[in-house]
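Undergrad:
Pasting the structure below:
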């Protein structure tokens with residue numbers, strides 16, 4: 001019978017079992033790397049660096065995981081924090097305009113030929129809407145879980161999902177169901 | 179109806195984009211960076227702290243004429259007016275509370 005996340009966490013904490021931690025990484029690497037790829041607008045190298053930092057941070061602070069939320073939700077929160085910290089650092093180093101992180105270009109004025117590309121449409125959303133859409137619609141988190149990950153009120157998550165959806169629907173209208 | 183159909187279509191497309199990402203050596207590479215066992219280091223740290231504390235206690239006892247300074251301090255405190263004792267106790271309570279609150283805040287911040 002496969003071990004649950006809680007069993008594996010307990011093994012790491014009690015015996016410092018590296019095999020158990022490797023199992024946790026294998027179970028969750030796809031979801032965490034996928035989320036970070038979307039957040040970094042498909043910068044694969046950066047996403048994998050952030051994913052490594054996420055898991056290393058999770059290992060260091062594993063004793064603070066109290067099992068109140070799902071392990072995956074806890075990991076998503078660490079990954080999102082890693083992404084935000086990195087974005088802030090890079091902004092300081094190369095002077096990235098805050099608008100690049102928070103409010104991207106208007107989807108209405110982009111090349112219509114790219115509209116069919118959902119990845120591109122996602123990348124056009126402001127960060128707060130993109131994060132909410134990725135967590136709730138793509139990764140299947142409840143609004144409540146997404147609120148914990150993003151550390152924002154539940155109502156704000158619902159609003160961001162709704163607005164993000166509306167924008168995606170507009171951008172992808174021609175490719176929707178007839 | 180159209181609205182729901184469009185949302186289902188959108189959700190389906192989003193989930194398709196979240197296709198499984200092959201490990202491709204990611205876990206192996208990560209595990210090389212995971213720190214080595216911490217249990218021995220933790221027990222060693224505890225032993226060192228305990229040893230140093232006991233040594234400090236012995237040195238203090240010998241250097242203070244068998245702990246006579248404690249008796250003197252208690253006698254001095256007993257001779258103080260009540261309001262001074264109250265001020266000293268309040269000050270100590272505030273210092274301990276601020277320290278504990280700071281430690282709690284730092285721990286919560288590290289977890290988030």
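Residue numbers (the working numbering), protein chains in the order written: chain A, 1 to 178; chain B, 179 to 290. For glycine and all other residues, C-beta sits at the position ideal for the given N, C-alpha and C.
#1: Could you tell me which whole alpha helix (DSSP H) segments of length 4 or greater appear in the segment 186-252 of chain B?
#2: Please confirm if residue 28 of chain A has its CB atom under 8 Å from at least one CB of chain B.
#3: Which chain B residues sit within Cβ distance under 8 Å of residue 5 of chain A?
#4: With DSSP run on the structure shown, which of helix, strand or coil describes residue 68 of chain A?
#5: Roughly how many angstroms separate the alpha carbons of residue 163 of chain A and residue 136 of chain A, rounded to a whole number?
#6: Taking only beta carbons into account, state which residues of the segment 185-201 of chain B come closer than 9 Å to chain A, listed in chain order.
#7: Take residue 112 of chain A and list the residues in its own chain whose beta-carbon comes closer than 7 Å to its own, dropping the five residues that flank it on each side.
#8: What is the DSSP secondary structure of residue 4 of chain A, counted as helix, strand or coil?
#9: Would you check if the segment 185-204 of chain B and the segment 32-41 of chain A touch, i.e. whether three or more CB-CB distances between them fall below 8 Å?
#10: Does the distance from the C-beta atom of residue 25 of chain A to that of residue 55 of chain A stay below 8 Å?
#11: Does the distance from the CB of residue 148 of chain A to the CB of residue 57 of chain A come in under 8 Å?
#12: Which residues in chain B sit within 8 Å of residue 59 of chain A, going by Cβ to Cβ distance?
#13: By the DSSP assignment, the alpha helix (DSSP H) with residue 41 of chain A in it spans what residues?
#14: Should residue 59 of chain A go down as buried or exposed, given a rule of 16 or more other Cβ atoms within 10 Å for buried?
#15: Is it right to say residue 125 of chain A is buried, meaning 16 or more other beta carbons lie within 10 angstroms of its own, or is it exposed?
#16: Does any residue of chain B have a CB that is nearer than 8 Å to the CB of residue 139 of chain A?
#17: Using a 10 Å radius around the Cβ and a threshold of 16 neighbouring Cβ atoms, would you call residue 237 of chain B buried or exposed?
#18: Along chain B, which residues have their Cβ under 8 Å away from the Cβ of residue 25 of chain A?
#19: Taking 8 Å as the threshold (beta carbon to beta carbon), is residue 22 of chain A in contact with chain B?
#20: Quick one: residues in its chain with C-beta nearer than 6 Å to the C-beta of residue 260 of chain B, no 5 flanking neighbours on either side, listed in chain order?
TA: So, to answer that:
#1: Listed in chain order, they are 204-209, 217-241.
#2: Residue numbering aside, residue 28 of chain A sits at position 28 when the first chain is read from its first letter. Chain B has no Cβ within less than 8 Å of the Cβ of residue 28 of chain A.
#3: Position 5 of the first chain, counted from the first residue, corresponds to residue 5 of chain A. None at all; the shortest Cβ gap to chain B is about 15 Å.
#4: Here the question's residue 68 of chain A lines up with position 68 in the first chain. In this structure, residue 68 of chain A counts as coil in the three-state DSSP scheme.
#5: As a first step, residue 163 of chain A must be located in the first chain, where it is residue number 163. As a first step, residue 136 of chain A must be located in the first chain, where it is residue number 136. Per the coordinates, the alpha-carbon of residue 163 of chain A lies some 13 Å from the alpha-carbon of residue 136 of chain A.
#6: Taken in chain order, the members of the segment 185-201 of chain B whose beta-carbon sits within less than 9 Å of a beta-carbon on chain A are 185, 186, 187, 188, 189, 191, 192, 193, 194, 195, 196, 197, 198, 199, 200, 201.
#7: Locating residue 112 of chain A in the first chain gives position 112, where the first residue counts as 1. Low per-residue confidence applies at residue 112 of chain A: pLDDT is 43, beneath 50, and the placement is therefore not dependable, though the value from the model is reported in the following sentence. Within the same chain, residue 112 of chain A has no close Cβ partners at all.
#8: In the first chain, counting from the first residue as 1, residue 4 of chain A sits at position 4. Here residue 4 of chain A sits in coil by DSSP.
#9: By the C-beta criterion, the segment 32-41 of chain A is judged to be in contact with the segment 185-204 of chain B, since at least 3 inter-stretch pairs fall below 8 Å.
#10: The residue given as residue 25 of chain A occupies position 25 in the first chain. The residue given as residue 55 of chain A occupies position 55 in the first chain. For the pair residue 25 of chain A and residue 55 of chain A, the CB atoms are nearer than the 8 Å cut-off.
#11: Here residue 148 of chain A refers to the residue found at position 148 of the first chain. Here residue 57 of chain A refers to the residue found at position 57 of the first chain. The Cβ atoms of residue 148 of chain A and residue 57 of chain A do not sit closer than 8 Å to each other.
#12: For the purposes of this step, residue 59 of chain A is taken as the residue at position 59 of the first chain. For residue 59 of chain A, the neighbours in chain B by C-beta distance under 8 Å run, in chain order, 212, 213.
#13: In the first chain, counting from the first residue as 1, residue 41 of chain A sits at position 41. Premise fails: residue 41 of chain A is in no alpha helix (DSSP H) and is neither H nor E.
#14: Position 59 of the first chain, counting from 1, holds the residue named residue 59 of chain A. Buried, because 16 or more other Cβ atoms sit within 10 Å of the Cβ of residue 59 of chain A.
#15: Translated into the one-based positions of the first chain, residue 125 of chain A becomes position 125. With a 10 Å radius around the Cβ and a threshold of 16 neighbouring Cβ atoms, residue 125 of chain A comes out buried.
#16: The residue you call residue 139 of chain A lines up with position 139 of the first chain. Judged by the 8 Å Cβ criterion, residue 139 of chain A is in contact with chain B.
#17: The residue you call residue 237 of chain B lines up with position 59 of the second chain. Residue 237 of chain B should be labelled exposed.
#18: Counting from one through the first chain, the residue named residue 25 of chain A turns up at place 25. What residue 25 of chain A touches in chain B: 204, 205, 208, 209.
#19: Counting from 1 along the first chain, the entry for residue 22 of chain A is found at position 22. At least one CB atom of chain B sits nearer than 8 Å to the CB of residue 22 of chain A.
#20: For this step, residue 260 of chain B is matched to residue 82 along the second chain. Excluding residues within five positions, none has a Cβ falling inside 6 Å.
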